[in-house]
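Novice:
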Amino acid sequence: MSLLPRRRFTSSLLGLALGGPLLARAQNKTEAADFWTQLRQGGNVLLMRHAQTESGIGDPPNFRIGDCSTQRNLSEAGREQSRRVAAAFQREKIALDEVRSSAWCRCVDTAELAFGRHTVWSPINSFFQQGGRERQTQAVLQALQDFKAPRNLVLVTHQVNISALTGSFVAMGEMLLTRPGQMAEGRLRVLARQSF
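Mapping of the sequence shown onto the numbering used here: position 116 corresponds to residue 116, and the numbering continues sequentially without gaps.
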């Protein structure tokens with residue numbers, strides 16, 4: 001086996017170093033195009049994790065639903081991220097029939113900034129440190145059984161809920177596109193995803 005000459009080896013490494021980010025950007029553009037194309041077909045349920053928050057995990061020990069001062073809330077970056085979601089949906093001219101949110105302030109604020117409306121729906125409230133994972137997950141899946149095209153529904157919720165419904169981890173502000181009729185192993189199958 002011959003060794004690559006130093007110059008070819010260096011140029012190969014440089015090509016990999018530069019090509020990797022370019023390839024990743026091309027893949028991201030393809031995934032984004034696929035996300036919007038599928039969304040336009042209707043019949044989708046978008047699972048969105050609330051936007052970026054202040055640092056921390058969960059909520060302070062004595063938090064209260066309905067009292068945002070006791071919860072972990074959106075950061076300024078999260079508010080800006082939510083506004084980017086609004087701009088993207090306006091740019092892509094996507095109609096949403098309904099937006100449901102967890103009662104947690106970070107979800108309500110994300111929904112309002114991103115979509116201008118929401119209805120609180122308790123099955124997508126966080127069960128992190130609360131319990132009720134199986135009951136809530138089954139309530140969501142059962143409610144979605146009758147959901148049909150051409151409607152599009154957004155659920156603004158928490159990472160634990162989305163993972164229970166899909167088996168996927170999502171970053172703050174990320175969306176997963178699913179269709180209730182396309183399940184895999186008792187979970188919603190992720191057809192596309194989009195970050196903002």
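Built from N, CA and C at the ideal position, the CB exists for glycine as well.
#1: Is the beta carbon of Val-99 less than 8 angstroms from the beta carbon of Arg-84?
#2: How would you label Ile-57, buried or exposed, when you count the other beta carbons within 10 angstroms and need 16 or more for buried?
#3: With distances taken between CB atoms, is the gap from Ala-95 to Asn-152 smaller than 8 angstroms?
#4: Please list the terminal residues of the continuous alpha helix (DSSP H) segment that includes Glu-80.
#5: Do you know offhand how far Ala-103's Cα is from Gly-173's?
#6: Check whether the segment 169–183 touches the segment 130–137, taking contact to mean three or more Cβ pairs, one atom from each stretch, closer than 8 angstroms.
#7: Pick out whichever of Val-190, Gly-78, Phe-63 has its Cα sitting closest to the Cα of Ala-164.
#8: The beta strand (DSSP E) spanning Ser-101 covers which residue range?
#9: Compute the Euclidean distance between the alpha carbons of Val-108 and Glu-185, then round it to the nearest angstrom.
#10: On the DSSP bridge assignment, give the partners of Ala-192 in chain order.
#11: Need the endpoints of the alpha helix (DSSP H) that Val-140 sits in, please.
#12: Which of helix, strand or coil does DSSP assign to Val-154?
#13: So, using beta-carbon positions, are Ser-82 and Leu-47 closer together than 8 angstroms?
#14: Do Val-154 and Arg-49 count as a contact pair if the criterion is CB distance below 8 angstroms?
#15: Which value, in whole angstroms, describes the spacing of the CA atoms of His-158 and Phe-127?
#16: For Pro-150, which residues of its own chain have a beta-carbon under 6 angstroms away from its beta-carbon, when the five flanking residues on both sides are left out?
#17: Would you mind reading off the limits of the beta strand (DSSP E) that contains Val-45?
#18: Alpha carbon to alpha carbon, how far is Pro-180 from Arg-187? Give it in angstroms, no decimals.
#19: With C-beta atoms as the reference, is Arg-72 less than 8 angstroms away from Arg-106?
#20: On the DSSP bridge list, what partners appear for Val-120?
Specialist: Here's the rundown:
#1: no
#2: exposed
#3: yes
#4: 76–92
#5: 17 angstroms
#6: Taking a contact to require three or more Cβ pairs closer than 8 angstroms, the segment 169–183 and the segment 130–137 do not qualify as touching.
#7: Val-190
#8: Taken as a continuous stretch (DSSP letters only), the beta strand (DSSP E) holding Ser-101 covers 98–101.
#9: Those two C-alpha atoms are separated by around 30 angstroms.
#10: Ala-192 is bridged to Leu-177.
#11: In the DSSP assignment, Val-140 falls within the alpha helix (DSSP H) that extends over 133–144.
#12: strand
#13: no
#14: no
#15: Spanning the two alpha carbons is a distance of roughly 9 angstroms.
#16: Gly-42
#17: 44–49
#18: 9 angstroms
#19: Yes, they are a contact pair.
#20: Ser-101
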